Amino acid sequence: MELQIEDSVLVKNYINGEEKALEILINRHNQRISSFIYSKVLDRDITEDIFQDTFIKVIKTLRKGSYSEEGKFLPWVMRIAHNLVIDHFRKNKRMPKFEGSDDFNIFSVIGDDQLNAEKQLIKDQIDSDLNILIEELPDDQKEVLMMRIYKDMSFKEISENTGVSINTALGRMRYALINLRKVIDKNNIVLTN
Amino acid sequence: MGKIYSENQNVSKPRKACPATVQFLINYSKSLDIITYNNIQFENNLN
Chain A
1 MELQIEDSVL VKNYINGEEK ALEILINRHN QRISSFIYSK VLDRDITEDI
51 FQDTFIKVIK TLRKGSYSEE GKFLPWVMRI AHNLVIDHFR KNKRMPKFEG
101 SDDFNIFSVI GDDQLNAEKQ LIKDQIDSDL NILIEELPDD QKEVLMMRIY
151 KDMSFKEISE NTGVSINTAL GRMRYALINL RKVIDKNNIV LTN
Chain B
1 MGKIYSENQN VSKPRKACPA TVQFLINYSK SLDIITYNNI QFENNLN
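Chains as they are written, first to last, in this note's numbering: chain A, 1 to 193; chain B, 1 to 47.
Listed below in structure tokens is the structure:
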């Protein structure tokens, strides 16, 4: 039969500088303390964190000589773990963390409006193709189209800036689009995302 | 119904902190030095 050294003896040995005693204490109570923490927080990573913080407190208290031995090492450690679990929930209440479950995933309702890498590449390609096509337009049509599409100006503003009537600006825009479509059809260019 | 009961199955499962955490604590203990000066205790980590 293996002789088990009592916790109180191990604690005394550890305080007297025997590091091995701490290792025995941690390994002896590892499962009980970890299971207790896990039963409250239900998260493996948080359990590890709280377990670690618990023993950091234990180590500091023992090394500072603030621990009064009453033969109750495990209940004392459990009390520290319990307090740290409460601290964890208090902190979480101030800064709640939301995690999806199997039934509901938050990312199914929150979208990311950014294009993915492939779609961004396609969009860039279309933009550059379109720029080349616009360059082929007559200057007066190109000018109106650039002002309308890229500078987001109204036809009134375009007419004021170019010194032509609104109807002329509208006509140039119309012809610009017609001519663009013609070039696109003629060259079988596909501009879709 | 089965789903409700299956959710917290792991709660009663015995858990253990991983060996890396235990090793960290042992190393932390070795590196920790407490110095007392004028009745004030200072923690020193000799890493």
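Beta carbons are placed, not taken as given, at the ideal position from N, Cα and C, and that holds for glycine. Nothing here was measured: the structure is a model prediction, and the numbers come from that model.
Determine the burial state of residue i: buried for a count of at least 16 other Cβ atoms within 10 Å of its Cβ, exposed for fewer.
i      : result
A:L194 : The structure shown does not extend to residue 194 of chain A, since chain A is modelled only from 1 to 193, so the question has no answer here.
A:N187 : exposed
B:N45  : exposed
A:I5   : exposed
A:S34  : buried
A:E48  : buried
A:N30  : buried
A:Y38  : buried
B:Q23  : exposed
Report the three-state DSSP secondary structure of residue i (helix, strand or coil).
i      : result
B:F42  : strand
B:D33  : strand
A:I189 : coil
A:P138 : coil
A:G163 : coil
A:M153 : coil
A:A117 : helix
A:R94  : helix
A:K72  : coil
A:K182 : helix
A:I132 : helix
A:F104 : coil
A:V109 : coil
A:K123 : helix
B:Q23  : helix
A:L84  : helix
Using a Cβ-Cβ cut-off of 8 Å (strictly less than) and excluding sequence neighbours within five positions of residue i, which residues of its own chain qualify?
i      : result
A:E157 : M147
A:V11  : A21, L25, L62, Y67, E69 and F73
Excluding five sequence neighbours on each side, which residues of the same chain lie with their C-beta closer than 7 Å to the C-beta of residue i?
i      : result
A:S198 : It is not possible to answer for residue 198 of chain A, since the shown part of chain A is limited to 1 through 193.
Closer than 6 Å by C-beta to residue i: which residues in its own chain qualify, once you throw out the five before and the five after it? Chain order, please.
i      : result
A:A176 : L137, Q141 and L145
Item to check | Unbroken stretches of the alpha helix (DSSP H), 4 residues or longer, contained in the region 6-68 of chain A | outcome: Correct list: 7-15, 19-41 and 44-64.
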